[in-house]
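Numbering (my numbering), first residue to last: 11 to 107.
Glycine included, every Cβ here is placed at the ideal spot set by N, Cα and C.
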């Protein structure tokens, strides 16, 4: 699902809200999550999951084309861990399929 699809779905489920208002709300939520991650803060959404920042140490990598060994510098990456209820919902849907 893309962000536009999410906005469209939410607007259809809440017909009393204008699509523009839904779009602003979704953008606001995503901006706040991004700002928290940039500040290396943890974002927990109960019954859904946790967004956090993980530090990746430097390592040796390989250029797939030439095969030469490259140095991959250390960096921070965004990480998402699904919450228990989300994991259970996904597992239940897989059982029904």
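If you compare the alpha carbons of 79, 59, 99 with that of residue 43, the shortest gap goes to 59.
Beta-bridge pairing by DSSP links residue 85 to 66. Between the alpha carbons of residue 20 and residue 78 lies a distance of about 48 Å. The three-state secondary structure of residue 12, taken from DSSP, is coil.
Nearest neighbour of residue 93 by Cα position, chosen from 67, 57, 29, 75, turns out to be 57. DSSP places residue 54 in the strand class (E or B) of the three-state scheme. Contact between residue 17 and residue 29 holds, with the beta-carbon distance rounding to 7 Å and staying under 8 Å. For the pair residue 61 and residue 48, the CB atoms are not nearer than the 7 Å cut-off. If you draw a straight line from the Cα of residue 14 to the Cα of residue 88, it comes to about 22 Å. Membership of residue 42 in the alpha helix (DSSP H) is indicated by the continuous run 29 to 48.
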